[in-house]
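Reading through the structure tokens given below for one structure.
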Amino acid sequence: MVEKANTMNSRNNIIAAIFQKAWSFVFLVIIVAFFSIFGKGFFGFENFQNIMLTSCILLLVGIGQTFVMITGGIDLSVAYTTGLSTVIAALIMKNMSIAGFNTILTIIIGIVAAIVVCSIIPGLLNGLIITRFNLPPLIVTLGTYLAIRGIGLILSNGYPIGKQPSLVGRIGNGYLLYFLPGKGLYWGVSPEISSELKKNIIQILPYPLILVIIILVVTHFILSRTQFGLYIYIIGGNAEAARRAGINVRSYLIKVYVLCAVLAAIAGLVYTFRFGSGNANAGEPRLFDAVAAVVIGGTSVQGGYGRIIPGTFVGALIVAVIQTGLVSMGVSPYYQFIAIGFVIILAVVIDKSSPWLRVKR
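For the record, in the sequence shown the residue sitting at position 23 is 12 according to my numbering, with numbers rising by one throughout.
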């Protein structure tokens, strides 16, 4: 009897493990099927690609947040780090373009400046304050959230910054492939055809999506296959044990917050290239969507566990599908907050209800 009970417990544990790891993917399939049936024009290649494209900024912010949350922290400042990045890049590119500088040089300087400034001010600053004074990440990043917001609004005077080089928009809204039925594939450049035929062109793989896919793969490899990723999991599981094992916890936490800021800055650059402007408030709507994506994707709110693929990737798609699907059904977009809120609660309940799995992590 005891042996039979142990066998049943083992089977239940395995089922619980599979459910916790796969529930978000199953849920994604269910809501895609639901909106495909009841949403107008939801099911189709173009719409699915647009969902992926609109998820780009959310994914970039979410990837950085995944690293931070695995360590047991959270970074609220990413919202306005994204906005600050758009402002810095847009200001530099606008002024250099007006001054007559080479377009390629202008874009490169704008990109580098945005990433460097954002990695130092919010990223390095967050990491140093949190580790040096042993302060709660929530409070520290709330402080930098407000400070960075102020810096972005001062630099932009509270207005969007437009007048970007035309190449910025072409890159941000370009596609790797263009397919014209009966004519074939075109690489990188849309074919010169009549406006009547242009509506038949199928655009494939937008440039921002390609960038995000590369970053997804690289960060997933870092987190799952490198010593850096292993140490992050150990720190999130038990920081004191990590110190005793000889891991420089302070150094790794600083690196994690810098990485999070860099990814938020890249998200800001994607915004600038897609919309041709800088906006200090560009990242504000993405903050809680990114946290939602990370939690829904299975990252533990207590730290020590989380994945980028399929975890945060699937979580971000769930958020984007809910937002797009409700619109396709003609439902007020305000309901998306209610829907995503319930999914977050479900994710946390699942995380908390699997003690066996948490021990095995």
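Yeah, the Cβ is synthetic: ideal placement off N, Cα and C, and Gly gets one too.
Can you tell me whether DSSP reads residue i as helix, strand or coil?
| i | result |
| --- | --- |
| Pro154 | coil |
| Gly173 | strand |
| Gly295 | coil |
| Tyr65 | One point to set straight first is that residue 65 is Leu, not Tyr, in the sequence displayed. DSSP places Leu65 in coil when its eight states are reduced to three. |
| Ile93 | helix |
| Pro197 | helix |
| Met58 | helix |
| Tyr323 | coil |
| Ala136 | helix |
| Phe210 | helix |
| Ala231 | helix |
| Lys244 | helix |
| Met41 | helix |
| Phe32 | coil |
| Gly286 | coil |
| Ile104 | helix |
| Ala88 | coil |
| Gly161 | helix |
| Gly53 | helix |
| Ile236 | coil |
| Thr301 | helix |
| Gly272 | coil |
| Thr215 | coil |
| Met82 | helix |
Can you check DSSP and say which residues form a bridge with residue i?
| i | result |
| --- | --- |
| Gln192 | Tyr167 |
| Gly267 | Ile150 |
For residue i, does the count of other Cβ atoms within 10 angstroms reach 16, so buried, or fall short, so exposed?
| i | result |
| --- | --- |
| Ile143 | exposed |
| Lys172 | exposed |
| Pro274 | exposed |
| Phe56 | buried |
| Ser266 | buried |
| Thr215 | exposed |
| Phe122 | exposed |
| Tyr324 | exposed |
| Thr291 | In the sequence as presented, Thr is not what sits at residue 291; that position holds Gln. Classification for Gln291: exposed. |
| Ala230 | exposed |
| Leu242 | buried |
| Ala103 | buried |
| Tyr148 | exposed |
| Gly72 | buried |
| Gly89 | exposed |
| Pro126 | buried |
| Phe331 | exposed |
| Val310 | buried |
| Leu166 | exposed |
| Ile59 | buried |
| Ser155 | exposed |
| Ala282 | buried |
| Ser53 | First, the amino acid is wrong: residue 53 is Gly here, not Ser. So Gly53 ends up on the buried side. |
| Pro111 | buried |
| Ala234 | exposed |
| Ala253 | buried |
| Pro197 | buried |
| Val76 | buried |
| Ile109 | exposed |
| Asn91 | exposed |
| Asn189 | exposed |
| Ser44 | buried |
| Gly268 | A quick correction: the sequence has Asn, not Gly, at residue 268. The residue in question, Asn268, is buried, as its Cβ has 16 or more Cβ neighbours within 10 Å. |
| Ile46 | buried |
| Ala279 | buried |
| Phe34 | exposed |
| Arg263 | buried |
| Phe31 | buried |
| Ile128 | exposed |
| Ile307 | buried |
Please tell me whether residue i has its Cβ less than 8 Å away from any Cβ of chain D.
| i | result |
| --- | --- |
| Ile190 | In the structure shown, chain D cannot be found, because there is only a single protein chain. |
Assuming residue i and residue j are in contact, meaning their beta carbons sit under 8 Å apart, how far apart are those beta carbons, in whole angstroms?
| i | j | result |
| --- | --- | --- |
| Ser13 | Gly304 | 6 Å |
| Leu205 | Ile298 | 6 Å |
| Leu49 | Ile255 | 6 Å |
| Ala336 | Val284 | 5 Å |
| Met82 | Ile96 | 6 Å |
| Thr133 | Leu114 | 6 Å |
| Ala352 | Thr261 | Residue numbering for the chain in the displayed model covers -10 to 350; residue 352 lies beyond these limits and cannot be assessed. |
| Phe168 | Ile191 | 4 Å |
Those runs of the alpha helix (DSSP H) which lie wholly inside the segment 108 to 134 and span at least 4 residues: Secondary structure in the segment 108 to 134: the alpha helix (DSSP H) runs of 4 residues or longer, each lying completely within the stretch, are 114 to 122 in chain order.
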